[in-house]
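One structure is given here, and the rest of the page talks about it.
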Amino acid sequence: MPEFISLTFPNASTEINPIPNASIDPEYLTRYARNLDDYGYNYTLVPYDSSSYDPFTIGATILSVTKKLKVIIALRPNTLYPTVAAKALATLDQLSSGRVVVHFIAGGSDADQAREGDFLSKDERYGRLEDYIKILRRAWKSDEPFDWDSKYYQFKQFSNRVRPTNGPIPVSVGGSSDEAYRVGGSLADIFGLWGEPLKETKDQIDRIYAEAAKAGRPDSDRPRIWVTFRPIIAETEELAWAKAHKTLDALNTNRAKGQGKAPVDAPPPQNAGSQRLLDIAARGEVQDRALWYPTVTATNARGASTALVGSHQTVVESLLDYIDLGADLISIRGYDNLNDAIDYGRFVLPKVRQTLQERENGSTN
Ligand SMILES: Cc1cc2nc3c(=O)[nH]c(=O)nc-3n(C[C@H](O)[C@H](O)[C@H](O)COP(=O)(O)O)c2cc1C
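Residue 305 in numbering that gives the first Met the number 0 sits at position 306 of the sequence shown; the count goes up by one each step and never skips.
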């Protein structure tokens with residue numbers, strides 16, 4: 000059965016109705032997190048940005064007000080020494096009885112990395128990430144003191160008394176560059192992708208699996224695949240498309256006012272994932288059943304931006320296409336954050352699960 004992921008929002012600001020400089024709204028955060036828990040989401044990603052809030056404290060707050068929901072803490076290695084990260088993640092994991100996953104971001108933009116003092120090249124950032132993951136796993140497995148001496152980290156006699164609840168915390172890696180495939184394919188438990196057409200998604204999955212095989216991982220130990228979409232759903236196709244165009248208008252208007260995710264004159268993105276989305280967007284607005292790209296162009300592919308537009312049924316079928324292709328985790332978040340999360344919880348998650356359950360029952364009857 001696939002698992003569902005949402006994204007964490009700390010206040011009522013959205014891309015279509017931005018509240019400039021909104022601070023964290025603890026009541027909103029609690030309401031949002033509890034809705035995810037109640038509507039059967041498995042995880043929420045707590046994202047990282049150089050100018051934004053601290054994912055660890057937001058994650059701890061979410062875990063304290065939910066029962067089953069897991070948090071995926073986004074972490075850039077340059078922001079925290081690996082031994083500190085190993086203990087911080089394990090602390091959160093103990094506090095929540097094992098509801099923590101870590102999502103690693105090597106860093107897709109030199110300028111954003113420089114804002115927090117990181118001047119390594121992108122390939123070096125992936126090299127550092129590789130070391131980082133190995134250090135965390137070592138720290139989570141053993142409380143025996145150990146030394147480390149690599150290009151990026153050197154320390155002596157570190158011993159960790161804060162061990163995760165159920166063995167090593169699952170490690171996710173996101174990206175779409177050769178180095179992302181190599182590091183994620185060889186080391187990650189989960190590999191995160193943005194929503195691309197079925198063919199391109201399959202190509203990426205093959206690349207990740209090939210890197211896993213090259214690293215000696217058996218098929219039973221390949222990374223689980225996570226794909227991300229921004230569904231725009233309504234009761235009928237017509238209503239969904241009307242909503243999609245209204246969403247696009249709002250994205251364009253807000254960007255023109257300087258309230259978009261990317262400024263109007265933003266340079267082309269440096270990260271391969273966004274470059275791929277923009278290349279695909281140039282081929283046409285709709286790909287496959289319902290994958291819609293104008294939201295990609297309108298945001299300069301800043302973060303997950305491919306929409307899936309259609310009736311509840313069309314979006315359910317589109318997600319099933321990806322599950323059949325090999326997606327194990329499906330991330331869905333909309334543009335009207337809380338309302339969309341609830342709508343998916345009512346009309347999408349149960350239908351996807353029910354269809355898969357029926358298929359399973361059919362094959363065992
Ligand atoms: C599912 C997913 C989630 C991501 N979350 C974040 C995030 O929270 N913060 C961030 O800076 N980058 C995030 N990224 C972006 C990539 O991790 C980042 O661009 C990467 O370091 C370099 O990408 P590249 O290998 O595609 O060039 C995410 C990517 C994916 C696929």
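Glycine is no exception: its CB is placed at the ideal position from the N, C-alpha and C atoms.
Excluding the 5 residues flanking it on each side, lysine 66 has same chain C-beta neighbours closer than 8 Å at Asp36, in chain order.
Exclusion of the five residues before and after phenylalanine 8 leaves Tyr31 and Asn336 as the residues of its chain whose Cβ lies within less than 7 Å of its Cβ.
Leucine 324 and leucine 192 have their C-alpha atoms spaced approximately 13 Å apart. With respect to the C-alpha of threonine 200, the residue from Ser185, Ala179, Ala105 and Ser175 having the closest C-alpha is Ser175. By the neighbour-count criterion, in which a residue is buried when 16 or more other Cβ atoms sit within 10 angstroms of its Cβ, phenylalanine 190 is buried. Counting along the chain, isoleucine 71 sits inside the beta strand (DSSP E) bounded by residues 69-74. Counting other Cβ atoms within 10 Å of its Cβ, glutamate 143 stays below 16 and is therefore classed as exposed. For alanine 306, the enclosing beta strand (DSSP E) has its first and last residue at 306-310.
By the criterion of a C-beta distance shorter than 8 Å, asparagine 34 is surrounded in its chain by Leu337, Ala340, Ile341 and Gly344, once the five residues flanking it on both sides are discounted. A distance criterion of 8 Å places the beta-carbon of serine 304 beyond contact range of ligand 1, judged by its closest non-hydrogen atom. Within the segment 323-361, the complete beta strand (DSSP E) runs of at least 3 residues fall at 326-331.
In the three-state reduction of the DSSP assignment, glutamine 156 falls in the strand class, which pools E and B. Here the distance from the Cβ of arginine 75 to the nearest heavy atom of ligand 1 is below 8 Å.
Using a Cβ-Cβ distance cut-off of 8 Å, the segment 127-143 and the segment 76-84 are in contact, since at least three pairs of beta carbons, one from each stretch, lie closer than that value. Distance from the C-beta of leucine 192 to the nearest heavy atom of ligand 1 is below 8 Å. Taking the Cα of isoleucine 18 as reference, the smallest distance to any Cα among Asp327, Leu238, Lys256 and Ser108 is reached at Lys256.
Counting C-beta pairs closer than 8 Å gives three or more between the segment 291-300 and the segment 266-281, which meets the contact rule. In this structure, serine 330 sits away from leucine 88, with a CB-CB distance that is not shorter than 9 Å. Here the alpha carbon of alanine 280 sits roughly 16 Å from the alpha carbon of alanine 243.
For the 9 Å CB-CB criterion, alanine 105 and arginine 136 do not form a contact. Contact between the segment 226-237 and the segment 301-317 is present: three or more C-beta pairs spanning the two stretches fall below 8 Å.
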